[in-house]
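Here is the structure we will look at.
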Amino acid sequence: MQLSLYPALKKTFKSFAFPVAFAASLLLFTLFSWYCGLFALPVHLALLPFAALFAFHVYRREYSIDGLKSEWRWELVFLVFFFLMLDIRFVNPTISYAEKFMDHAFLASIMRTPVVPPLDPWFSGGTLNVYYYLGYWIFGSLGIVSGVPSNIVFNLGLPTVFGITAVTLYALGTLILDRFRWLPLLVLFIPNPSFFYQAILGKGLNAMLWDSTRTITNTINEYPLFSFIWGDLHPHVISLFNQAFLLFILVFAYKRWESLELRGRWLICILAAVSLGSMPLINTWDVLLYAPITLFFGVLILWRNRATVKQSLAWQFLVTVPPLAILCYVPFYLVLKTNTGSIALVHMPSDPFQFLLANGIFIVIFIALLAREIIKRPYLLLVAVPFAIAGYSAAAIAVIPLIYFIAKKHRDIPDLLAIIGLGILVIVEIIYLSDSMGETYFRMNTVFKCYLPAWIILGTAAFSMVAQWFAKPGRIPKIPPWRTAVVAVLVIGTLFVIPFFVPLDLNYGSRSLDGLAYLDAQHPGDAGAVAYLRTLTGNERLVESEGGDYTYYSRISSFTGIPAIIGMPFHEYMWRGDGNGWYSTRVADIKTLYEQPDQTIPLLKKYNTTLLYVGDSERTRYTVNIPTRNLTQIYSNDGTEIYRFNG
């Protein structure tokens, strides 16, 4: 898909067409396949536009061996990062903890029944119109058209995200910098200062990783390195490739808008709209940040052309991108049913020390590079005083470099990105979006979902500034290409070896790309039954044990994608609320169904259930006593039985 698209981008993006085509092709394929699902058409039809485009470019002789060879750097970056992440997934592939049950449940549901909105595997009779599911749709659709099963797709998803994010960040570095263009890639590799603080406290590697992302009290402050090692194929991680892509498009538009022809400007607007329009469906929190960022760059483009004859053309970006972004997926909003929180003031701001443990690396870089400005104009420090007096000390820290970047007479791209990233940190310290997480964790999701975009933006800004400082005359001389190649090979080779000698498997490893391979040894009764159920087609619904969230219960719906009466109930409660009192009703009905044989058939009818699963978890959770009438045993092995109800 990427190869079919990139010749169409050459005229506009020139040397950046090849890397841009990675994310652009994936987003366009997602858009096409989503509409196939909406109209109940085969997802494979989404490949037709790419096939036609490829044939067209072949006919026009727009591919050449020399031309493809010239793009080797981009392809190498993608492949290196793809296989680095694949390395980590190989040593830690299991779908067995954290959000992995949910991630695979949604993925398997989509691959089993690719309709829009997808069926909710944890709430039979319901759909995923209560959640942002497009990230799962991306990889589910890729799995369908490539013939790869969901338990393998699960471990190919993050390598794909990692590879595309890396190649896009490298393109962004190349767009901004003349030398050290690889430095923005460090945002994917560095831990936060808290990681080193945990090391000083004497903690082991796993504890260092985990505790460094729970630094700010009652919140989650993940950074990309942890997220990729932890291995959840979750919306906040999937979205990273799209965030990097939109940042590149915005920066490219800002730098090149005046020189683009009408066709090129329209192409920029369409790609920006597809990227921005995908965000509410991939990870809704992102659009709350990137919609204003997109408008900000639109205003900058307009401002740069305010005194030229091209001023009217500058309006094109602002006028077309927002409505096109909404139109891309307008059916999504028409069926969306979600509990939207309200904005509220933070009444327990971050502890300043904890704030610096989470974000200090960027703050320190900014302060060091702004030292002369601070000495020259110390009075600007007074801007931080009102924040400190009001009790928002962490916000006061972030405001210091922010005000100096704003006050600079000449601001380049890294300065603008720093302003945006620091602005996010300040806003998150003052307001939050309330949800159903309760009073103790009132701002957990706000910090969690806003800190990752802030990390990407701040990291790109900070390391680009460091690269500019390194590149100044007399600092770091140019290194011969062969030496650079040797260093690169040594570093990359070391990175490939690390997962096999450092316990990055978090004690869950099984050396495979099959996320369900561990079942054979640990849960043999479920292993065979799951394999059998994954061969079934048609409109099935099942009943299995329920045992709360983040447990092995609800595993059959998670592993097969077949909807169960209720999966992890608190997840569903967060998405659906408790309309009609389903929360207690469904949980109680499952217990009754297994333990009261006179109620089994009526309850199976109530939920239109076709399959009744009885395994070790069900016998542990309930006193199983099911009737023999109206049920046909269709599977029995290793202590696990599956019955079909044909009522």
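This note's numbering numbers the first residue of the sequence shown as 5 and each following residue consecutively. From the three backbone atoms N, C-alpha and C, an ideal C-beta is built for every residue, glycine too. Here the structure is a predicted model, which is why all the values come from computation and not from measurement.
Looking at the ligand SAM, does it come within less than 8 Å of residue i, judged from the CB to the closest heavy atom?
i	result
L229	Summarising the ligand content, the structure contains no ligands, and the ligand SAM is consequently not present.
Less than 8 Å between the CB atoms is what I'm expecting for residue i and residue j, so what's the real figure, rounded?
i	j	result
F54	M5	5 Å
N518	I156	Sequence check: residue 518 is Asp here, not Asn. About 6 Å separates the two Cβ atoms, so the contact holds.
I286	G139	5 Å
A248	L146	Contact doesn't hold; Cβ gap of about 19 Å is too wide.
N225	V451	6 Å
P503	V95	5 Å
F500	L88	7 Å
V241	V165	6 Å
I305	W261	5 Å
I194	F245	The pair is not a contact, with the Cβ atoms about 19 Å apart (cut-off 8 Å).
I253	S279	6 Å
A44	V119	6 Å
S438	Y577	The Cβ separation is near 15 Å, so there is no contact.
I435	A348	7 Å
E8	H61	A quick correction: the sequence has Ser, not Glu, at residue 8. Contact holds; Cβ gap of about 7 Å.
R623	Y557	Wrong, their Cβ atoms sit about 12 Å apart, outside the cutoff.
G364	P188	Incorrect: roughly 19 Å between the Cβ atoms, too far for contact.
V493	K341	Not a contact, Cβ separation roughly 52 Å.
N641	G532	5 Å
I423	I404	Actually they are not in contact, since the Cβ atoms of I423 and I404 sit about 13 Å apart, beyond 8 Å.
Classify residue i as buried or exposed, calling it buried when 16 or more other Cβ atoms lie within 10 Å of its own Cβ.
i	result
A388	buried
N543	exposed
A375	exposed
M283	buried
R65	exposed
D582	exposed
A277	buried
G161	buried
V325	buried
S243	buried
T98	buried
V334	exposed
Y647	buried
Y63	exposed
F2	There is simply no residue 2 to check, as the chain begins at 5 and stops at 651 in what is shown.
M572	buried
S354	buried
T219	buried
D593	buried
S150	exposed
I109	Sequence check: residue 109 is Ala here, not Ile. Counting Cβ neighbours within 10 Å, A109 comes out buried, since at least 16 surround it.
V171	buried
H527	buried
V490	exposed
Just list the residues that DSSP pairs residue i with in beta bridges.
i	result
F649	L635
N641	T644
L546	A568 and L615
A4	Outside the shown range of the chain (5 to 651) lies residue 4, about which nothing can therefore be said.
Should residue i be flagged as near chain B, meaning a C-beta pair shorter than 9 Å?
i	result
S279	Looking at the structure shown, chain B is missing, and only one protein chain is on hand.
Query raised in the report: Touch check for the region 620–634 and the region 597–605: three-plus C-beta pairs under 8 Å?
Result: With three or more CB-CB distances shorter than 8 Å, the region 620–634 counts as touching the region 597–605.
Query raised in the report: In chain order, which continuous runs of the alpha helix (DSSP H) of length 4 or greater are located wholly inside the region 489–531?
Result: Counting only runs that start and end inside the region 489–531, the alpha helix (DSSP H) elements of at least 4 residues fall at 523–526.
Query raised in the report: Are there three or more Cβ pairs, one per stretch, closer than 8 Å when the region 125–138 is compared with the region 556–576?
Result: Short answer: they touch.
**Report entry** Contiguous alpha helix (DSSP H) assignments of at least 4 residues, all confined to the region 108–163
**Finding:** Positions of the alpha helix (DSSP H) runs, each at least 4 residues long and wholly inside the region 108–163, are given as 138–150 in order along the chain.
Query raised in the report: Would you call the region 95–113 and the region 237–257 in contact, with 3 or more CB pairs under 8 Å?
Result: At 8 Å Cβ cutoff, the stretches touch.
Query raised in the report: If you pair each beta-carbon of the region 478–485 with each one of the region 415–430, do three or more pairs fall below 8 Å?
Result: At 8 Å Cβ cutoff, the stretches do not touch.
Query raised in the report: Quick check: the region 318–333 against the region 415–425, are there 3 or more CB pairs under 8 Å?
Result: No, because fewer than three Cβ pairs between the region 318–333 and the region 415–425 fall closer than 8 Å, the two stretches do not touch.
Query raised in the report: Are the region 180–192 and the region 454–468 touching, with three or more C-beta to C-beta distances below 8 Å?
Result: Cβ pair count under 8 Å is three or more, so yes.
Query raised in the report: So does the region 574–588 actually touch the region 608–617, counting three or more Cβ pairs closer than 8 Å?
Result: Cβ pair count under 8 Å is below three, so no.
Requested in this report: Answer yes if the region 432–447 comes into contact with the region 208–218, meaning at least three C-beta pairs across the two stretches below 8 Å, and no otherwise.
Outcome: Flag = no, the region 208–218 and the region 432–447 do not touch.
**Report entry** 4 or more residues per run - each alpha helix (DSSP H) lying fully within the region 218–296
**Finding:** Here the runs fully enclosed are 228–234, 239–242 and 244–260.
Query - Complete alpha helix (DSSP H) runs within the region 385–414 (minimum length 4 residues, chain order) - result: Taking 4 residues as the minimum length, the alpha helix (DSSP H) runs contained wholly in the region 385–414 are 389–393 and 397–411, in order along the chain.
**Report entry** Residue ranges of each alpha helix (DSSP H) within the region 333–379, 4 or longer
**Finding:** List check, alpha helix (DSSP H) in window: 334–339 and 356–373.
Requested in this report: Could you tell me which uninterrupted beta strand (DSSP E) segments, each at least 3 residues in length, are contained entirely in the region 456–490, listed from first to last along the chain?
Outcome: You should have found no qualifying run.
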